[in-house]
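Novice: Sending over a structure as structure tokens; questions will come in a sec.
Residue numbers (my numbering): 72 to 628.
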């Protein structure tokens, strides 16, 4: 029998696992197969203890065919191809299930499937509503972070403490804030929900009648990230207003100015967060007055405070550090439960974006262990999922009966559920054309586009343009730069025309991404969100308006 293709990756990982580390400090738990296997056993022991307490029999494990399909769908978001299925089913190795898991997690398919999860959680869109502005560099930053398996604590910090030029790959994480330009309070409530599982939406307007958060608490928290302006935008303001109001409106000069206004300034984030904020004009409680300045203060965890003077300008860094390092078990526990649901089908407790202290869940020992395991694995989400995929719990057969616990799952067999729209799409692509994982990924078009036409090709990119523009601090210097830019574009003889007929054009503000309409690419490579008439949207893909807005119910009717 031929050697299955997925064993090549496993053989390589086994060889490298036995290469001695230069120092003990270089040996990381997430890189140690023995540690991952031991951790999986401990998870199973916690589940077994729950069965004993509930007098539940231990479920049987699935057959190879079911395990194969389940592992592919959970780890890489699609069904196996015929070749992959035959390779696995013909193997006689007793460890072939573990080998399959290692193969899947090392494949490009994992990156694609995990990227869909990140897009849904972070509400990734290609362009902002209401303006001709793309935030595609942010989308590519997120995908890159997933591809590189950036630790969750590092990714969280990079997002929340970001500032700078959104076109620069090193600072494109500012899209986390520019995606919600003009809605900083909504951004704050979403941040608390995404990273800590704390719902504070009600407290934007009034004391939360169902929780502990008061309106004053929310504004003290919002003070950390207050002051989300654009870099040196005042230098462009007089010129842009003149072009809007004068005879130059909708001329070539106007559209060039729009590139700078929407694409360059709109994708930038100045400062680091004031750490102070004014209470709103309709503030209605005795602990503050309308318009009163309040300093930043955290509502729980280790206390962090900033002066109401707002003179520190490092509020976003303080906020990020508090979330990641000063909220105790809450930060690692929440992401651990998200990953558990991703692998096991339902959370240890539900909903996964409403944090419950481990002691108050139906599985306190398990939840405590998962939170500590996330820390031990240095917030490596791939390694954490690897542990769960190695468990016997993951291999249990399906159980059509409802859970015996009210706020979570009894994990007495896997519950049956419909595939996500992305899983269906990627599986259909696999059926139609074989393995889609090795298709070249979509790349960011870094050219400058003037009304859909690439200009200054080979001479200046959006990164270079934005770096030059954001460095200008005066109206006089901006006018001189702008006049020169207009001359450069008018004299450019190498400008390109839009993509040829037969290709689909996806306009994304300053850039236009072209792809063949017949291309069989995975869902993570398509526009985000998908158009309202697209298969992905019709079968439940999120519209990226709310956190984890995807549904397994079709959007038809």
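Yeah, the Cβ is synthetic: ideal placement off N, Cα and C, and Gly gets one too.
Going by DSSP in three states, residue 409 sits in which element: helix, strand or coil?
Specialist: Stepping through the chain shown from its first residue, residue 409 is reached at position 338. Of the three classes helix, strand and coil, the one that applies to residue 409 here is helix, per DSSP.
Novice: For residue 345, name the three-state secondary structure that DSSP assigns.
Specialist: Sequence index remark: in the chain shown, residue 345 carries index 274 (1-based). Correct three-state label for residue 345: coil.
Novice: Inspect the beta-carbon positions of residue 386 and residue 346 and report whether they are closer than 8 Å.
Specialist: Here the question's residue 386 lines up with position 315 in the chain shown. Here the question's residue 346 lines up with position 275 in the chain shown. Yes, Cβ-Cβ distance for residue 386 and residue 346 is below 8 Å.
Novice: How far does the alpha helix (DSSP H) with residue 117 in it reach, from first residue to last?
Specialist: One-based indexing of the chain shown puts residue 117 at position 46. Segment 104-125, the alpha helix (DSSP H) holding residue 117.
Novice: Residues in the same chain with beta-carbon distance under 7 Å from residue 92, minus the five sequence neighbours each way, listed in chain order, please.
Specialist: By one-based count along the chain shown, residue 92 stands at place 21. Low confidence applies to residue 92: its pLDDT is 42, below 50, so where it sits in the model is not reliable enough to give any reading.
Novice: Are residue 101 and residue 328 closer than 8 Å when you measure CB to CB?
Specialist: For the purposes of this step, residue 101 is taken as residue 30 along the chain shown, with counting starting at 1. For the purposes of this step, residue 328 is taken as residue 257 along the chain shown, with counting starting at 1. No. Outside cutoff.
Novice: Indicate whether residue 335 and residue 545 have their beta-carbon atoms separated by less than 8 Å.
Specialist: By 1-based counting over the chain shown, the position of residue 335 is 264. By 1-based counting over the chain shown, the position of residue 545 is 474. Taking 8 Å as the Cβ cut-off, residue 335 and residue 545 do not qualify as a contacting pair.
Novice: CB-CB under 8 Å to residue 446, same chain, minus the five flanking residues each way: which ones, in chain order?
Specialist: Numbered from its first residue, the chain shown carries residue 446 at position 375. Answer for residue 446: 403, listed in chain order.
Novice: Does the distance from the CB of residue 238 to the CB of residue 534 come in under 8 Å?
Specialist: Here residue 238 is taken as the residue at index 167 of the chain shown, counted from 1. Here residue 534 is taken as the residue at index 463 of the chain shown, counted from 1. Yes, these two residues count as a Cβ contact at 8 Å.
Novice: If you measure between the beta carbons of residue 414 and residue 448, is that distance less than 8 Å?
Specialist: Within the chain shown, residue 414 is the residue found at index 343, counting from 1. Within the chain shown, residue 448 is the residue found at index 377, counting from 1. At the C-beta level, residue 414 and residue 448 stay beyond 8 Å of one another.
Novice: Tell me residue 368's beta-bridge partners as DSSP assigns them.
Specialist: Counting from 1 along the chain shown, the entry for residue 368 is found at position 297. DSSP, once it has assigned bridges, lists 376 as partnering residue 368.
Novice: Spell out a yes or no on whether the segment 188-207 and the segment 160-177 are touching, meaning 3 or more CB-CB pairs, one atom from each, closer than 8 Å.
Specialist: no
Novice: For residue 705, name the three-state secondary structure that DSSP assigns.
Specialist: Missing from the structure shown is residue 705; the chain here goes from 72 to 628 and no further.
Novice: Cα separation between residue 208 and residue 405?
Specialist: One-based indexing of the chain shown puts residue 208 at position 137. One-based indexing of the chain shown puts residue 405 at position 334. Roughly 28 Å between the two C-alpha positions.
Novice: I'd like the list of long-range same chain contacts for residue 303, defined as Cβ closer than 7 Å, with 5 residues on each side in sequence excluded.
Specialist: Against the chain shown, residue 303 aligns to sequence position 232. Excluding residues up to 5 positions away in sequence, 541, 543 and 544 lie with their Cβ nearer than 7 Å to the Cβ of residue 303 in the same chain.
Novice: With a Cβ-Cβ cutoff of 8 Å, do residue 331 and residue 234 count as a contact?
Specialist: As a working note, residue 331 is residue 260 in the chain shown. As a working note, residue 234 is residue 163 in the chain shown. Against a cut-off of 8 Å, the Cβ pair of residue 234 and residue 331 comes out as no contact.
Novice: Ignore the nearest five residues each way along the sequence and tell me which others in residue 599's own chain have a CB closer than 8 Å to its CB.
Specialist: Counting from 1 along the chain shown, the entry for residue 599 is found at position 528. So the list reads 190, 195, 196, 197, 210 and 615, once near-sequence residues are dropped.
Novice: CA-CA distance, residue 563 and residue 380?
Specialist: Counted from its first residue, the chain shown places residue 563 at position 492. Counted from its first residue, the chain shown places residue 380 at position 309. So the alpha carbons of these two residues sit roughly 50 Å apart.
Novice: Which of the three DSSP states, helix, strand or coil, is assigned to residue 419?
Specialist: Residue numbering aside, residue 419 sits at position 348 when the chain shown is read from its first letter. Three-state DSSP puts residue 419 in coil, outside helix and strand.
Novice: Quick check: residue 432 and residue 115, are their CB atoms within less than 8 Å of each other?
Specialist: The residue given as residue 432 occupies position 361 in the chain shown. The residue given as residue 115 occupies position 44 in the chain shown. No. Outside cutoff.
Novice: So, helix, strand or coil for residue 139, using DSSP?
Specialist: Taking the chain shown and counting its residues from 1, one reaches residue 139 at position 68. If DSSP states are grouped into helix, strand and coil, residue 139 belongs with the helices.
Novice: Express the C-alpha separation of residue 516 and residue 301 in angstroms, rounding to a whole number.
Specialist: Here residue 301 refers to the residue found at position 230 of the chain shown. Here residue 516 refers to the residue found at position 445 of the chain shown. Answer to the nearest angstrom: the Cα atoms are 23 Å apart.
Novice: What's the C-alpha gap between residue 366 and residue 290?
Specialist: As a first step, residue 366 must be located in the chain shown, where it is residue number 295. As a first step, residue 290 must be located in the chain shown, where it is residue number 219. Rounded to the nearest whole angstrom, the C-alpha separation of residue 366 and residue 290 is 9 Å.
Novice: Can you give, in chain order, each stretch of the alpha helix (DSSP H) that sits fully within the segment 296-337 and has at least 4 residues?
Specialist: 308-316 and 323-329
Novice: Residue range of the beta strand (DSSP E) that residue 520 falls in?
Specialist: Taking the first residue of the chain shown as 1, we reach residue 520 at position 449. Looking at the DSSP string, the run of the beta strand (DSSP E) that includes residue 520 is 519-521.
Novice: Which whole-angstrom value is the C-beta distance of residue 267 and residue 426, which I expect to be below 8 Å?
Specialist: What you label residue 267 is simply residue 196 of the chain shown in a count that begins at 1. What you label residue 426 is simply residue 355 of the chain shown in a count that begins at 1. Yes, residue 267 and residue 426 are in contact; Cβ-Cβ is about 6 Å, under 8 Å.
Novice: In the structure shown, what three-state DSSP assignment does residue 269 receive?
Specialist: Indexing the chain shown from 1 puts residue 269 at position 198. Of the three classes helix, strand and coil, the one that applies to residue 269 here is coil, per DSSP.
Novice: Cα separation between residue 244 and residue 163?
Specialist: Within the chain shown, numbered from 1, the residue matching residue 244 stands at position 173. Within the chain shown, numbered from 1, the residue matching residue 163 stands at position 92. Each residue's Cα considered, the two are about 46 Å apart.
Novice: With DSSP as the reference, label residue 514 as helix, strand or coil.
Specialist: Here residue 514 refers to the residue found at position 443 of the chain shown. Residue 514 falls in the coil class under three-state DSSP.
Novice: Apart from the five residues just before and just after residue 475, which ones in its own chain have a Cβ nearer than 6 Å to its Cβ?
Specialist: Translated into the one-based positions of the chain shown, residue 475 becomes position 404. Closer than 6 Å at the Cβ level, and outside the excluded window around residue 475, lie 481.
Novice: Can you look up residue 235 in the DSSP assignment and give me helix, strand or coil?
Specialist: For the purposes of this step, residue 235 is taken as the residue at position 164 of the chain shown. Correct three-state label for residue 235: strand.
Novice: Should residue 264 and residue 618 be called a contact, given that it needs their Cβ atoms to be closer than 8 Å?
Specialist: As a position in the chain shown, residue 264 is number 193, starting the count at 1. As a position in the chain shown, residue 618 is number 547, starting the count at 1. In this structure, residue 618 lies closer than 8 Å to residue 264 by Cβ.
Novice: Between residue 224 and the rest of its own chain, which residues show a CB-CB distance below 6 Å, the 5 nearest in sequence each way excluded?
Specialist: As a first step, residue 224 must be located in the chain shown, where it is residue number 153. Here the set comprises 395 and 450.
Novice: Which residues in the same chain as residue 571 place their Cβ atom closer than 8 Å to its Cβ, once the five residues preceding and following it in sequence are excluded?
Specialist: Taking the first residue of the chain shown as 1, we reach residue 571 at position 500. Its pLDDT being 43, under 50, residue 571 is placed unreliably by the model, and nothing is read from it.
Novice: Check the C-beta distance from residue 501 over to residue 152 and give it rounded, since I have them as a contact under 8 Å.
Specialist: Numbered from 1 along the chain shown, position 430 holds the residue referred to as residue 501. Numbered from 1 along the chain shown, position 81 holds the residue referred to as residue 152. About 6 Å separates the two Cβ atoms, so the contact holds.
Novice: Just to confirm the assignment, what range does the beta strand (DSSP E) spanning residue 524 have?
Specialist: The residue given as residue 524 occupies position 453 in the chain shown. Residue 524 -> beta strand (DSSP E) spans 524-526.
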